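In UniProt numbering, the protein residues as written are 1 to 359. Just so it is clear, CB atoms sit at the ideal spot from N, CA and C, and this is done for glycine as well. Bear in mind that the values here come from a model prediction, so they are computed numbers and not experimental data. Written out below as structure tokens is the structure these notes cover.
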Amino acid sequence: MIVLMMAVILTCFGVVMVYSASSVMAAKKFHDGFFFLKRQSLYALIGFIGMGLAMHVDYHVWKKWAVPLFLGTFFLLLLVFVPGIGGTAKGASRWIRLPGFNFQPSELAKVALIMYMAYSLEKRQEKLKQFMSGFFPYMLILGVFIAILLAQHDMGAALTMLVVAIVMLFAAGTKVQYILGMGLVALPGICYLVFTKAYRMRRITAFLDPWQDPTDAGFQIIQSWLALGTGGFFGQGLGEGKQKLFYLPEAHTDFILSVLGEEMGFIGVVVIASMFLLLVQRSIRVAISAEDSFGRFLAFGIATLLGLEAFINMSVVTGLLPTKGIALPFLSYGGSSLIISLCAVGILLNVSTRMRGTP
Numbered sequence: 001m002i003v004l005m006m007a008v009i010l011t012c013f014g015v016v017m018v019y020s021a022s023s024v025m026a027a028k029k030f031h032d033g034f035f036f037l038k039r040q041s042l043y044a045l046i047g048f049i050g051m052g053l054a055m056h057v058d059y060h061v062w063k064k065w066a067v068p069l070f071l072g073t074f075f076l077l078l079l080v081f082v083p084g085i086g087g088t089a090k091g092a093s094r095w096i097r098l099p100g101f102n103f104q105p106s107e108l109a110k111v112a113l114i115m116y117m118a119y120s121l122e123k124r125q126e127k128l129k130q131f132m133s134g135f136f137p138y139m140l141i142l143g144v145f146i147a148i149l150l151a152q153h154d155m156g157a158a159l160t161m162l163v164v165a166i167v168m169l170f171a172a173g174t175k176v177q178y179i180l181g182m183g184l185v186a187l188p189g190i191c192y193l194v195f196t197k198a199y200r201m202r203r204i205t206a207f208l209d210p211w212q213d214p215t216d217a218g219f220q221i222i223q224s225w226l227a228l229g230t231g232g233f234f235g236q237g238l239g240e241g242k243q244k245l246f247y248l249p250e251a252h253t254d255f256i257l258s259v260l261g262e263e264m265g266f267i268g269v270v271v272i273a274s275m276f277l278l279l280v281q282r283s284i285r286v287a288i289s290a291e292d293s294f295g296r297f298l299a300f301g302i303a304t305l306l307g308l309e310a311f312i313n314m315s316v317v318t319g320l321l322p323t324k325g326i327a328l329p330f331l332s333y334g335g336s337s338l339i340i341s342l343c344a345v346g347i348l349l350n351v352s353t354r355m356r357g358t359p
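Next up, the structure:
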């Protein structure tokens, strides 16, 4: 079971890297160097339990829950704006405060969107060749979700949901001209969103030339490059990285790959990237061999989500894309991302039980 092996190995290695990246900072901030290790280990345990349960639930059950879950995540996304319930950090309102845990509903919304689209595309696949009755309704629904995510200052999640939805529509047979036309129509709006927000403009300018503002907007990517460059081919050794010592911001979350690159070197980064590539390749194989359209769309959506998030995160860390708040699946610190990703893999594994061959 290669899909299962990749998910387990990446998660376990992620726990180790979270400890390596956060122990000094946790000791200073919380007087406990194991603070993030203990929490990430708990999240991994919950995620493994969720994955195990999802593996043994017939994926056809999610047809019945696709619409309620989709509407439920819409409600959860709105709860983020309720004072006393929603949590805010660094100007972004993305979390629901729970006792001892901040839940990010956008992570659940990604999987809920995939379930809803898999359910809907199976029923409406013959209408996708038509614009008004096939393609346009999905764009309306997606537009509502993206508007809410943008109001939360979560452009990364909005971009992810948009791309996943478009890829699923394309796989289901939507005409390419509809997708290209939508892109042209949306382009002015995207430019408006970027140029009217100072922090987004700073990210773009920092992406183009981080050395123009090396102590502010360009600081994070410069420190990431220093970490990756210092790592060389074989790395400094596990736990021996220096950029995590209050130089590299978000070292244990969005930029954990930078710490990995410094400590495990180019070889370590290539191994992790190869594991993600293998995970996605086998997931697509599951989708192709699924016994019905619902399973095919469901597996393909999950494969796209995991591959896209890994690609965006790695591209941001290496400076190929502007900075976005997207975690590296299975490795970055964070309960919402890890638990939901492992549960999604569990669903994927259940789809694989109804195909020929071993994923």
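query, result
"Per DSSP, the bridge partner or partners of residue 425", "One cannot answer for residue 425 here, as it falls past the ends of the chain, which runs 1 to 359."
"Three-way DSSP call (helix, strand, coil) for phenylalanine 234 in this model", "coil"
"Distance between beta carbons of leucine 338 and tyrosine 59, contact taken as under 8 Å", "Not confirmed; about 21 Å, so no contact."
"Proximal residues to phenylalanine 70 (C-beta, below 6 Å), its chain only, five neighbours per side dropped", "Ala112 and Tyr116"
"DSSP three-state assignment for phenylalanine 103, whether helix, strand or coil", "strand"
"Contact the segment 46 to 55 vs the segment 340 to 349: 3+ CB pairs below 8 Å", "yes"
"Secondary structure of methionine 25, DSSP reduced to three states", "helix"
"Residue burial classification, histidine 252 (beta-carbon count within 10 angstroms, cutoff 16)", "buried"
"Exposure of glutamine 177, with buried meaning 16 or more beta-carbon neighbours within 10 Å", "exposed"
"Reduced DSSP category for methionine 155 - H, G, I as helix; E, B as strand; rest coil", "helix"
"At least 3 beta-carbon pairs within less than 8 Å: the segment 310 to 328 vs the segment 193 to 209", "yes"
"Between the CA atoms of leucine 4 and glycine 231 - distance to the nearest angstrom", "29 Å"
"Cα-Cα separation, glycine 268 to glycine 181", "41 Å"
"Neighbourhood of glycine 301 by C-beta, 7 Å cutoff - its chain only, sequence neighbours within 5 removed", "Ile114, Met117, Ala118, Val164 and Met168"
"CA-to-CA distance, glycine 173 to glycine 14, given in whole angstroms", "37 Å"
"Glycine 346 in three-state terms, based on DSSP", "helix"
"Minimum length 4: unbroken alpha helix (DSSP H) runs contained in the segment 287 to 342", "293 to 317"
"Assigned secondary structure, glutamine 125 (DSSP; H/G/I helix, E/B strand, else coil)", "helix"
"Residue of Lys64, Thr215, Thr160 and Gln152 minimising C-alpha distance to leucine 328", "Thr160"
"The segment 72 to 79 / the segment 306 to 313 touching (three or more Cβ pairs under 8 Å)", "no"
"Secondary structure, alpha helix (DSSP H): runs of 4+ residues fully inside the segment 176 to 214", "176 to 195 and 198 to 208"
"Pairwise C-alpha distance: leucine 279 and isoleucine 2", "7 Å"
"Nearest-angstrom beta carbon gap, glutamate 263 and glutamine 236 [assumed within contact, 8 Å]", "6 Å"
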